[in-house]
Amino acid sequence: MADDKPQVNPSVILREEFDDWAVLFDPDTAEGYALNPVGVLIWKQLDGSHSLDDVVAAVKENCEEVPAEVADHCREFIADLVKQGLAGYEVSK
Amino acid sequence: MTQTAEGRAPERPRVMGTPKSVDIDITDRCNLRCRYCYFFTSSADVKDLSAAEWQKFFEELNRCAVTEVCLAGGEPFIREDLQEILAGIVRNRMRFNILSNGTLITDGIVEYIASTGRCNYVQVSIDGSIPITHDSFRGQGSFAQAVEGIRCLQRHKVPVAVRVTIHRQNVRDLENIAALLLEEIGLPAFSTNSAGYMGLCQKNTEQVQLTTEERHLAMNTMLRLIRKYGNRISAAAGPLAEAQGWLEMDRARREGKESLPDRGFLVGCGCTFSKIAVRADGVIVPCNMLSHIELGRINQDSLADIWQNHPALWKVRERRAIPLSRFDFCRGCPYLNFCTGNCPALAYNTLGEVDHPSPDACLRKYLEEGGKLPEEEVG
């Protein structure tokens, strides 16, 4: 994995439907995954250039009442995205 | 929102930043001239837009995070470059549906459709259990070709949807049609509607549209088929939908309810809150059945801007705040607070007014003309 900097699956669509509601839609499976605004913020960090630490820093900077376990939450969230095929890591040659 | 004697207007659904899906007529051409086609009023003379023009529009849909397009026409499979158009949809991260008469479906194009993995379904129209019923309004030989089209889709494991349009020539063939589709052909489900007073149906209404007695027959038959086949048969319009809706309205009235939730207003259409349409000439419209309301043109006007700001589109959305009590047509109706006013396109095609309840779907009018509610209830 390239420095553990996750990136979104480029086929997946982020639909920011309302201020408080977004959906990730995978056109290959026709499945949708609901995201809250913090999830959207994290999703937008997953461009292959941000590490987990960068993601956590972005959450701390942009959100209020951030829990002490934020790093664990972000790690679990990203791991779930990867498990669902919505995000991944670039494969090194 | 308007406060009325009937109560508060229904909450307007929230409008997303961009449409979720887009209905596209990719051609004006069709190899058939079905006598009740909503689309045609005359011979088609609009030149198809090129695949490149659609490709450019699909790129905009991608930027707008549209997830799905529905291709119709005309007959989509008449386009020689359909594969190129579908490839553009796939490249731009969308899924697709195709609405077809089924007669031009070939192994070659279906093999490609299957390979994309992005097809929700191809919908084929079947209106009879035997050729004479189906072909009566669609043209000789069309039944055999449509059934072969379905078989072709099944061979390639492409999901098939079938739509049965109920009319005067097939209203006594509905049991056989259900048996053909669900038992012999083995479809998981099919849907029904009836020919609306639009397009060619306006010229052929005497031959096509059900009489009051036939409407009653169709409702009873469809409810009986629902009891037999369960949710394998569905309808958003036509006799089955009317039977279900009218029974609910009548039950509520008999039970002394004042109203049903969100009823008593022009709430019969929610399409413009999640999707938009494009005519074959590239003009963006609220719905392909309200194609006279021109909102802009693809590749010239911003889809997101039209979706978010166009006054004519908001006017259609805001029908929901118009109480039925405003209309002379509805005055004194015992079903007023249980009614949706139904489809705006049917109202427009019948009366020339979008902001009006559809007379075609009016329960009181049906009863006044001697109609009876169906005898059987679902389940």
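Protein chains in written order, with our numbering: chain G, 1 to 93; chain W, 1001 to 1379.
Idealized CB from N, CA, C, for every residue including glycine.
Between the C-alpha atoms of W:F1329 and W:L1217 there is a straight-line separation of about 26 Å.
In the structure shown, W:T1133 adopts helical secondary structure according to DSSP, grouped into three states. W:K1157 sits exposed, since fewer than 16 C-beta atoms from the chains shown fall within 10 Å of its C-beta. Residue pairing of W:G1296 in beta bridges, as defined by DSSP: W:I1284.
Assigned with DSSP and collapsed to three states, W:E1368 falls in helix.
The beta-carbon of G:F25 is placed less than 8 Å from the nearest beta-carbon of chain W. Taking 8 Å as the cut-off, the beta carbon of W:C1070 is found no closer than this to the beta carbon of W:D1127. Residues of chain W whose Cβ lies closer than 8 Å to the Cβ of G:A30 are, in chain order, R1095, N1120. When 7 Å is used as the limit between beta carbons, W:A1065 is near these residues of chain G: I13, L14, R15, in chain order.
In chain order, R1279, V1285 place their CB closer than 6 Å to the CB of W:S1291, counting only its own chain and leaving out the 5 sequence neighbours on each side.
Nearest to G:P37 by C-alpha distance, out of G:E31, G:A58, G:T29, is G:A58.
Only those residues of the stretch 1240-1263 of chain W whose C-beta falls short of 8 Å from the nearest C-beta of chain G would be listed, and there are none.
For W:G1117, the chain G residues whose Cβ falls inside 8 Å of its Cβ are D28, in order along the chain. Within the stretch 66-86 of chain G, no residue has its Cβ closer than 9 Å to any Cβ of chain W. Put simply, the CB of W:G1088 is far from chain G, with every gap to its CB atoms at 8 Å or more. In the three-state scheme derived from DSSP, where H, G and I count as helix and E and B as strand, W:G1074 is classed as coil. With a contact defined as Cβ atoms closer than 8 Å, W:P1010 and W:F1265 qualify at about 6 Å. For W:C1152, the enclosing alpha helix (DSSP H) begins and ends at 1142-1155. For the pair W:Q1209 and W:R1168, the Cα-to-Cα distance works out to about 6 Å. The shortest CA-to-CA distance from G:F25 to any of W:D1081, W:D1025, W:E1060, W:N1092 is the one to W:N1092. Against chain G, the beta carbon of W:M1016 has neighbours under 8 Å at R15, E17, F18, listed in chain order. Two segments are said to touch when three or more pairs of C-beta atoms, one from each, lie closer than 8 Å; by this definition the stretch 1218-1225 of chain W does not touch the stretch 1053-1070 of chain W. Taking 8 Å as the cut-off, the Cβ atoms of G:R15 and W:T1067 count as close. Annotation: the continuous alpha helix (DSSP H) that includes W:E1111 extends over 1107-1116. The DSSP assignment places 1051-1063 as complete runs of the alpha helix (DSSP H) inside the stretch 1015-1068 of chain W, in order along the chain (cut-off: 4 residues).
Where W:T1221 is concerned, the enclosing alpha helix (DSSP H) starts and stops at 1212-1229.
Leaving aside the five residues that flank W:L1240 on each side, the residues in its chain whose CB is nearer than 6 Å to its CB run, in chain order, T1192, M1222. W:V1160 has W:V1122 as its beta-bridge partners, per DSSP. Between the C-alpha atoms of W:Y1348 and W:R1029 there is a straight-line separation of about 24 Å. Excluding sequence positions up to five before and after W:P1334, its CB lies within less than 7 Å of the CB of R1253, all in the same chain and listed in chain order. Counting every other CB atom within 10 Å of its CB across the protein chains shown gives W:P1311 a total below 16, marking it as exposed. For W:W1314, the number of other beta carbons within 10 angstroms of its own is below 16, and it is reported as exposed. Residue pairing of W:I1233 in beta bridges, as defined by DSSP: W:F1190. Contact between W:A1114 and W:I1085 is absent: CB atoms are separated by about 16 Å, not below the 8 Å threshold. W:S1274 sits close to W:S1021, with the two beta carbons spaced by under 8 Å. In the structure shown, the three-state DSSP call for W:F1327 is coil.
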